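At position 78 of the sequence shown (counting the first as 1) the number is 760 in the numbering used here, and the numbers step up by one without a gap.
Notes for the one structure printed next.
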Amino acid sequence: MACNFDVGKVGEGIAKNYLESKGYIVLEERFRSKRWGELDLICGKEGVLIFVEVKTRVSASFGNPALAVGYYKQKALRRAALYYCKTHPNCSESLRMDVIAIVLDNDGKTACEIKHYKNAF
Numbered sequence: 683m684a685c686n687f688d689v690g691k692v693g694e695g696i697a698k699n700y701l702e703s704k705g706y707i708v709l710e711e712r713f714r715s716k717r718w719g720e721l722d723l724i725c726g727k728e729g730v731l732i733f734v735e736v737k738t739r740v741s742a743s744f745g746n747p748a749l750a751v752g753y754y755k756q757k758a759l760r761r762a763a764l765y766y767c768k769t770h771p772n773c774s775e776s777l778r779m780d781v782i783a784i785v786l787d788n789d790g791k792t793a794c795e796i797k798h799y800k801n802a803f
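And the structure:
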């Protein structure tokens, strides 16, 4: 079984391809703020700047991956997004936080389920 880091990277790649197929423009991947952690994907679509948290699981038996984005994770993601906007002067006034939940197939490389929660929190 792959380690969590590998599973996460696979999920982020799947999410990126999924978003691009839906017309999103991926602006940055794995943006790190020293204090608040990482933003998995930062995208743009129709004048909205979208911060995307990707949660990936190898099995649905562990529950919906989106449930792993609890209160404290949401708080950290909001702060990381604010930091991003402070350090990028062209930051859009329209912001959104999305979650993409992915369950991988048995091969651990393809998605058997993708759920996109727009404006998740």
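Cβ atoms here follow ideal geometry from the backbone N, Cα and C, with glycine treated the same way.
As the structure is a computational prediction, the values presented were derived from the model and not from experiment.
Under a 10 Å Cβ-count criterion, G790 is classified as exposed, with fewer than 16 other Cβ atoms of the shown protein chains found around its own Cβ. Remark: C-beta atoms of V740 and V781 do not approach each other more closely than 8 Å. With fewer than 16 neighbouring CB atoms inside 10 Å of its own CB, P771 falls in the exposed class. Our two residues, K737 and A748, have alpha carbons roughly 6 Å apart in a direct line.
Assigned with DSSP and collapsed to three states, Y706 falls in coil, not helix or strand. Pairing E710 with K704, the inter-Cα distance amounts to about 17 Å. Here A802 carries a coil assignment [DSSP, helix/strand/coil].
Burial check for Y706: the Cβ neighbour count within 10 Å reaches 16 or more, so the residue is buried. N788 and I696 have their C-alpha atoms spaced approximately 15 Å apart. About 6 Å separates the Cβ atoms of R712 and E720, confirming a contact at the 8 Å cut-off.
Annotated three-state conformation of V785 is strand, per DSSP. Around the beta carbon of C794, fewer than 16 other beta carbons sit within 10 angstroms, so the residue counts as exposed.
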